[in-house]
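Numbered as in my numbering, the sequence shown ends at 460 without a single skipped number. By construction, the Cβ of each residue, glycine as well, lies at the ideal position given by its N, Cα and C atoms.
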Amino acid sequence: MRKKRRSKKSGKIVFAILFAAIAIGFLLLPKQPKPSVQTPPAFTLTPAPTTNTPTPTEVPLVGYCLKVPVLMYHHIQPMDEAKQKNQGGLSVDPNVFDHQMAYLTSSGYTTLFANELVNALKNKSALPSKSIVVTFDDGYKDNHAYALPVIRKYGVKVNLMLTTGLVEGADYLTWDQVSDMKNSGFYYFIDHTWSHFNVGSGTEEKIRYEIETAKKQIEAKTGQIVDIFAYPYGLGGPVARKVLQENGFTGAFSTIPGFYQCDSFIFALHRTRIGNSSLSAYGL
Numbered sequence: 177m178r179k180k181r182r183s184k185k186s187g188k189i190v191f192a193i194l195f196a197a198i199a200i201g202f203l204l205l206p207k208q209p210k211p212s213v214q215t216p217p218a219f220t221l222t223p224a225p226t227t228n229t230p231t232p233t234e235v236p237l238v239g240y241c242l243k244v245p246v247l248m249y250h251h252i253q254p255m256d257e258a259k260q261k262n263q264g265g266l267s268v269d270p271n272v273f274d275h276q277m278a279y280l281t282s283s284g285y286t287t288l289f290a291n292e293l294v295n296a297l298k299n300k301s302a303l304p305s306k307s308i309v310v311t312f313d314d315g316y317k318d319n320h321a322y323a324l325p326v327i328r329k330y331g332v333k334v335n336l337m338l339t340t341g342l343v344e345g346a347d348y349l350t351w352d353q354v355s356d357m358k359n360s361g362f363y364y365f366i367d368h369t370w371s372h373f374n375v376g377s378g379t380e381e382k383i384r385y386e387i388e389t390a391k392k393q394i395e396a397k398t399g400q401i402v403d404i405f406a407y408p409y410g411l412g413g414p415v416a417r418k419v420l421q422e423n424g425f426t427g428a429f430s431t432i433p434g435f436y437q438c439d440s441f442i443f444a445l446h447r448t449r450i451g452n453s454s455l456s457a458y459g460l
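Given below as structure tokens:
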């Protein structure tokens with residue numbers, strides 16, 4: 177019995193010595209310096225997602241084709257506001273947007289209205305070197321509050337895909353603001369349906385109502401002929417194309433990425449989603 181007690185006591189002593197040695201070793205390790213805290217810049221350009229970098233090989237280039245990037249925006253608003261409204265993923269900070277538009281003008285890009293691109297493809301005519309199209313989806317009120325001043329500042333042509341049934345709604349443009357944008361001379365309006373309905377599905381009656389109602393409302397409110405469409409969710413289909421052609425539409429925009437536009441897919445023109453990155457990061 178005495179031997180067993182001594183053996184247990186010896187084991188406890190050895191364990192205590194080992195524990196003390198390990199603790200001393202940790203204390204002797206050199207301390208890592210704390211990282212310095214830097215004041216963030218007024219705005220931050222984040223890396224562009226690689227999936228948005230277009231290449232000519234993404235879709236076969238068949239027919240008459242032009243290299244004309246089409247930039248796709250939704251919200252322009254401070255990122256703290258965007259996060260509060262859970263809109264961060266679809267928002268670009270106004271300072272970043274200013275930087276992007278300054279880049280276009282200083283780099284020699286010519287901004288186009290959508291009908292200029294579509295007409296060039298239809299007529300197989302040339303466009304100015306480094307032509308580009310800037311688009312905004314849906315018609316959010318921040319487009320008037322934050323984007324319009326930048327558009328006026330740089331004289332950039334802009335295309336607004338307008339969902340007319342959402343106008344006057346919370347977080348959306350009013351018709352007075354739409355008129356103000358039209359009167360600026362920098363905006364071209366595009367049919368984006370009445371309720372942001374996915375025209376890639378549904379009955380022909382519903383698809384027809386969505387397309388025709390928005391067309392009539394935009395024409396009545398702006399005096400502009402509406403013959404270009406933008407698919408909500410980037411989705412179209414044979415029924416939607418049939419309705420569009422019956423109503424005199426000459427082209428439509430998808431959300432397929434790519435810098436090249438061809439007359440062979442004039443009803444599925446390509447666009448590149450833009451975020452809080454320098455436009456050079458997208459290959460421009």
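(message) For the beta strand (DSSP E) containing K333, name the first residue and the last one.
(response) Unbroken run through K333: none, as it is neither H nor E.
(request) Jot down the residue ranges of each uninterrupted alpha helix (DSSP H) in the stretch 359-439, minimum 4 residues, whole runs only, in chain order. (result) 380-398, 414-422
(request) Would you mind sorting G424 into buried or exposed? The rule is 16 or more other CB atoms within 10 Å of its CB. (result) Here G424 is exposed. Its C-beta has fewer than 16 other C-beta atoms within 10 Å.
(request) Determine the DSSP secondary structure at P456, reduced to helix, strand or coil. (result) The question names Pro, but residue 456 is Ser in the sequence shown. It is helical.
(request) Keeping to the same chain, check which residues put their C-beta closer than 6 Å to that of V415; ignore five residues upstream and five downstream. (result) Around V415: E380, I383.
(request) Give a yes or no on contact between the stretch 353-360 and the stretch 301-309, applying the rule of three or more CB pairs nearer than 8 Å. (result) no
(request) In angstroms with no decimal places, state the Cα-to-Cα distance between T340 and V309. (result) Their backbone Cα atoms lie some 22 Å apart in a straight line.
(request) Alpha carbon to alpha carbon, how far is A321 from H275? Give it in angstroms, no decimals. (result) 17 Å
(request) Would you kindly work out how many angstroms separate the C-alpha atoms of H368 and K392, rounded to a whole number? (result) 12 Å
(message) Is the separation between the beta-carbon of S440 and that of V238 shorter than 7 Å?
(response) yes
(message) Using only CA atoms, which one of R447, I394, E388, E422 lies nearest to L411?
(response) Scanning R447, I394, E388, E422 for the CA closest to the CA of L411 turns up R447.
(request) Would you please state the rounded distance, in angstroms, between the beta carbons of I404 and N291? I believe it to be under 8 Å. (result) 6 Å
(request) Would you mind reading off the limits of the alpha helix (DSSP H) that contains D313? (result) Unbroken run through D313 is the beta strand (DSSP E), 307-314; no alpha helix (DSSP H).
(request) Would you mind working out which of C241, E344, F362, F312 sits nearest K333, comparing C-alpha positions? (result) Taking K333 as reference, the option from C241, E344, F362, F312 with the minimal CA-CA separation is F362.
(message) So, at 6 Å on beta carbons, what are the nonlocal neighbours of S267 in its own chain, with the 5 sequence-adjacent residues on each side left out?
(response) H251, Q253, A258
(request) Identify which residue in K261, G264, V272 has its Cα closest to the Cα of L455. (result) V272
(message) I'd like the list of long-range same chain contacts for D269, defined as Cβ closer than 7 Å, with 5 residues on each side in sequence excluded.
(response) F219, P254, M255, N452
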